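Structure first, commentary second.
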Amino acid sequence: MKNNQNADMLKDIDALLFDLDGTLVDSMWIWSDIDIAYLNRYNVTLPDNMQMQIEGMSFTETAVFFKEKFAIPDDIETIKRDWNMMAWEKYTKEVPMKPGAVEFLKYACEKGLKMGIATSNSVELVKQIAKVHGLNDFFSVIKTSCEAAKGKPAPDIYLLVANALNAEPERCLVFEDIVPGIIAGKSAGMKVCGVEDAYSAPTRDEKIRLADYYIYHYDEILRVT
-7 MKNNQNADML KDIDALLFDL DGTLVDSMWI WSDIDIAYLN RYNVTLPDNM
43 QMQIEGMSFT ETAVFFKEKF AIPDDIETIK RDWNMMAWEK YTKEVPMKPG
93 AVEFLKYACE KGLKMGIATS NSVELVKQIA KVHGLNDFFS VIKTSCEAAK
143 GKPAPDIYLL VANALNAEPE RCLVFEDIVP GIIAGKSAGM KVCGVEDAYS
193 APTRDEKIRL ADYYIYHYDE ILRVT
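In the working numbering, the protein residues as written are -7 to 217.
Below is the structure:
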């Protein structure tokens, strides 16, 4: 963990705010497959850097981006519906929690910490993954970037969740797996813990530099608290 600060991570913290994909659940791998299959419908090859271009965008912002960049004839709501349908079974049957995440959530509940989810995913998929893994037992607030004025790296979604939790930003700790999300948390005036994920491994050094803390597994926190 960054700077051996693990023991102090939860000090003076009232609320924990989590991104979902790549942070709480191991799901980032499915989206390249979905993007490839979706664009194949229109005889378009997925650009190599596409994931980096859309990183942090809300579900709606991503749909707008695809429609404009690839001249998709369908309207925005149809694009989002198609993506939801393509991802539904994978989120239901193939997407696991990140190692140690459930144990850490249980620990946080025992400590009386407030917890919320701030995700760029669709509300439909978030509700499904929450149902599959029992996340509603831990989180009193779940918000998507589509409910905020701007997606990450803007701070809007994290400020929205903090407000719903009645928590001051400076007493919130954000868990994030991507650079735009880390920037969003820091811009909101919160502490941020970067989370290791295979998808964002190429930007690991930047994540470590930007975040206050960094973990490879959630049990790193449990070992020192």
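Glycine included, each C-beta is placed from N, C-alpha and C at the ideal position.
Keep in mind the model is a prediction, meaning the values are calculated, not measured.
Which listed residue (the options) has its alpha carbon closest to that of residue i
i	options	result
residue 190	3, 177, 207, 176	207
residue 155	6, 96, 2, 58	6
residue 10	127, 198, 212, 196	127
residue 41	1, 28, 35	28
residue 8	150, 199, 55, 195	150
N-terminal and C-terminal residue of the beta strand (DSSP E) that residue i is part of
i	result
residue 108	106 to 111
residue 5	No beta strand (DSSP E) holds residue 5; DSSP gives it neither H nor E.
residue 206	205 to 207
Backbone secondary structure at residue i - three-state DSSP
i	result
residue 13	strand
residue 0	helix
residue 200	helix
residue 187	strand
residue 63	coil
residue 218	Outside the shown range of the chain (-7 to 217) lies residue 218, about which nothing can therefore be said.
residue 182	coil
residue -5	Residue confidence is low: residue -5 scores 45 on pLDDT, short of 50, so the model does not pin down where it sits. Its coordinate-derived value is still stated next. The answer is helix: DSSP assigns residue -5 an H, G or I state.
residue 130	coil
residue 89	strand
residue 219	Residue numbering for the chain in the displayed model covers -7 to 217; residue 219 lies beyond these limits and cannot be assessed.
residue 94	helix
residue 40	coil
residue 55	helix
Where the alpha helix (DSSP H) containing residue i begins and where it ends
i	result
residue 214	211 to 214
residue 134	Unbroken run through residue 134 is the beta strand (DSSP E), 133 to 136; no alpha helix (DSSP H).
residue 157	148 to 157
residue 83	68 to 85
residue 18	Where residue 18 is concerned, there is no enclosing alpha helix (DSSP H), given that its DSSP letter is neither H nor E.
residue 117	115 to 125
Assumed close pair residue i, residue j - CB separation to whole angstroms, cut-off 8 Å
i	j	result
residue 30	residue 75	7 Å
Pairs of beta-carbons, one from the region 125 to 142 and one from the region 103 to 113, closer than 8 Å: are there three or more? Three or more beta-carbon pairs drawn from the region 125 to 142 and the region 103 to 113 are found closer than 8 Å, and the two stretches are therefore classed as touching.
Is the number of C-beta pairs between the region 82 to 90 and the region 49 to 65 that are closer than 8 Å three or more? At 8 Å Cβ cutoff, the stretches do not touch.
Cβ contact (3+ pairs, closer than 8 Å) linking the region 190 to 204 and the region 165 to 179: Cβ pair count under 8 Å is three or more, so yes.
Can at least three beta-carbon pairs, one atom from the region 11 to 22 and one from the region 112 to 121, be found at a separation below 8 Å? Under the 8 Å Cβ criterion, the region 11 to 22 counts as touching the region 112 to 121, having at least three qualifying pairs.
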